[in-house]
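**Q** One structure, as C-alpha cells, below. Some questions next.
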Amino acid sequence: MTARSVHRLLPAVRDDIGDLITQRPLPGRLVDQIDPFLFLNHHGPQTYPPHNRGLPFGPHPHRGFETVTFILEGMLAHRDSAGHESVIHAGGVQWMTAGRGIVHAEVSPREFLERGGPIEILQLWVNLPSRLKMSEPAYTGLQRADIPALPVDGGKVLLNLIAGEWEGRTGPVRSLTGVFMSTLEMRPGGAIRFDGLEGRNVFLYVARGVIQVGSHADLVSPMHLVELDENGDTVEIRAGQDALVVFGHAEPIREPVVAHGPFVMNTREEIAQAIDDYQAGRFGSALG
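The following block contains the structure:
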C-alpha cells in the first residue's frame, strides 16, 4: 500500500448570498473540479434571529448532476417537482439526483422562520457521466438516525456512512456511480485510514477543527479542501482537535464539463437544450 500525498490546500473564499454567510472552496482560483466533485458551498455557521426570512433558495432547476446537502446545524425543508418533500434536521443529509431535470426548493421551515436559531449547511455537487445525465430524478432525505454511525479507533472517530461500504456495512444511499461519501466526527488524537483508493479521486474537506493528512507537515484548518496527488491507494487522517470532516471518493469521469448556472452537461448544445426544456416546463410541475 502507498499513501497519497497532499498536493495543496485550497481555502474557501467568502461569497455571501444575501445575508447568508457563504464560503466556497470549489471551484476556486487554482482548481475547477476534483472530478467528479464539482462544487461546494459552506453556508454559515451563523444564527438567525426570530421572525427571519430564512434561506434564499426558492424554486430553481437542475440537470445533469447530483446534489449532496449536509445539514450540520439547524433544519432544511426540501420540496421538488417530482413530488418529494421532507424537513431534515441537524446531522441529516439530502441526496438529490437531478438527472434529466428537476425543480426544487431548499428553504427554512416555518418553525425556523418563527424562532430562528443556528444554521450551518454544506452543499456538494457531484457530476454524472454523459450516459447518466438524463436519468430519472430521485431524492433521498436522511435524518441523523438513518445514517450508520460507525466507531473507529476506539471511538475517537465516528464515521457516518452515507454512501458506499465500510468494513461490511453499507450506507443508505445507493449512488448511481459508486460514490463513497461520509462525514467524520473526530476527537483529538483520533485517526482513520482509508484503503482501496487506487484510480479514485478523493474529496476531503475540513468543516470544523484541525486535522493532519498523512505525513504532510502542515495542519489543515477549518474551511479548507485538501487536494491529493493521484498516486497511491491509502489516506490517513488524524485529528489535532475536535473536527468534522467530509470524506468521499469516486472514479473520475474524465469527460468535458460545460456548466451554466444550475445545469452541468457535456456540450453547449446540451446546455441550450436544458434551458429550452426548463422554460417549456419539461422539468415537471412548477413549485409555488
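Using the working numbering, the letters of the sequence shown correspond one by one to residues 2 to 289. For each residue, glycine too, the CB sits at the ideal point set by N, CA and C.
1. Just reading off the beta strand (DSSP E) that residue 186 is part of, what are its end residues?
2. Using only alpha-carbon positions, find the residue among 27, 70, 138, 193 that is nearest to residue 168.
3. In chain order, which continuous runs of the beta strand (DSSP E) of length 3 or greater are located wholly inside the stretch 257-281?
4. For residue 154, which residues from the same chain have a beta carbon less than 7 Å from its beta carbon, with the 5 sequence-adjacent residues on both sides left out?
5. Label residue 51 either buried or exposed according to how many other C-beta atoms from any shown protein chain fall within 10 Å of its C-beta, with 16 as the threshold for buried.
6. Counting only the same chain and skipping the five closest in sequence on each side, list residues whose C-beta sits under 7 Å from that of residue 256.
7. Give me the Cα-Cα distance between residue 87 and residue 112, rounded to the nearest whole angstrom.
8. For the alpha helix (DSSP H) containing residue 112, name the first residue and the last one.
9. I need the straight-line Cα distance from residue 126 to residue 116, nearest angstrom please.
10. By Cβ distance, which residues of its chain are closer than 7 Å to residue 147, with the 5 residues on each side in sequence left out?
11. Measuring alpha carbon to alpha carbon, tell me which residue in 231, 33, 28, 91 is nearest residue 145.
12. Where residue 242 and residue 159 are concerned, what is the direct C-alpha to C-alpha distance, given to the nearest angstrom?
13. For residue 2, is the beta carbon positioned less than 8 Å from some heavy atom of the ligand ZN?
14. Tell me which residue opens and which closes the beta strand (DSSP E) that residue 131 is part of.
15. So, is the C-beta of residue 227 closer than 9 Å to a C-beta in chain D?
16. Measuring alpha carbon to alpha carbon, tell me which residue in 19, 280, 157 is nearest residue 189.
17. Can you list, in chain order, the residues of its chain with a C-beta nearer than 6 Å to that of residue 199? Leave out the 5 residues immediately preceding and following it.
**A** If we stick to the structure as given:
1. The residue you call residue 186 lines up with position 185 of the sequence shown. Per DSSP, residue 186 belongs to the beta strand (DSSP E) from 181-187.
2. Translated into positions along the sequence shown, residue 168 becomes position 167. Per the Cα distances, 193.
3. 259-261, 264-266
4. Translated into the one-based positions of the sequence shown, residue 154 becomes position 153. 191, 192, 193, listed in sequence order.
5. In the sequence shown, counting from the first residue as 1, residue 51 sits at position 50. So residue 51 counts as exposed.
6. Along the sequence shown, one-based indexing puts residue 256 at 255. Here the set comprises 130, 131, 267.
7. Start at 1 with the first residue of the sequence shown, and residue 87 comes out as number 86. Start at 1 with the first residue of the sequence shown, and residue 112 comes out as number 111. Straight-line Cα distance between these residues: approximately 14 Å.
8. Mapped onto the sequence shown, residue 112 falls at position 111. Looking at the DSSP string, the run of the alpha helix (DSSP H) that includes residue 112 is 111-116.
9. Here the question's residue 126 lines up with position 125 in the sequence shown. Here the question's residue 116 lines up with position 115 in the sequence shown. Taking the straight line from one Cα to the other gives about 30 Å.
10. Position 146 of the sequence shown holds residue 147. Result list for residue 147: 173, in chain order.
11. Counted from its first residue, the sequence shown places residue 145 at position 144. Residue 145 has its Cα closest to that of 91, out of 231, 33, 28, 91.
12. The residue labelled residue 242 in the question sits at position 241 within the sequence shown. The residue labelled residue 159 in the question sits at position 158 within the sequence shown. Cα to Cα, residue 242 sits roughly 14 Å from residue 159.
13. Although the ligand ZN was asked about, the structure shown includes no ligands whatsoever.
14. The residue you call residue 131 lines up with position 130 of the sequence shown. Run containing residue 131: none; DSSP gives neither H nor E here.
15. You won't find chain D in this structure, because it holds only one protein chain.
16. Locating residue 189 in the sequence shown gives position 188, where the first residue counts as 1. Looking at the Cα atoms, 157 is the closest of the given residues.
17. To locate residue 199, count along the sequence shown from 1; it is residue 198. These residues qualify, in order along the chain: 234.
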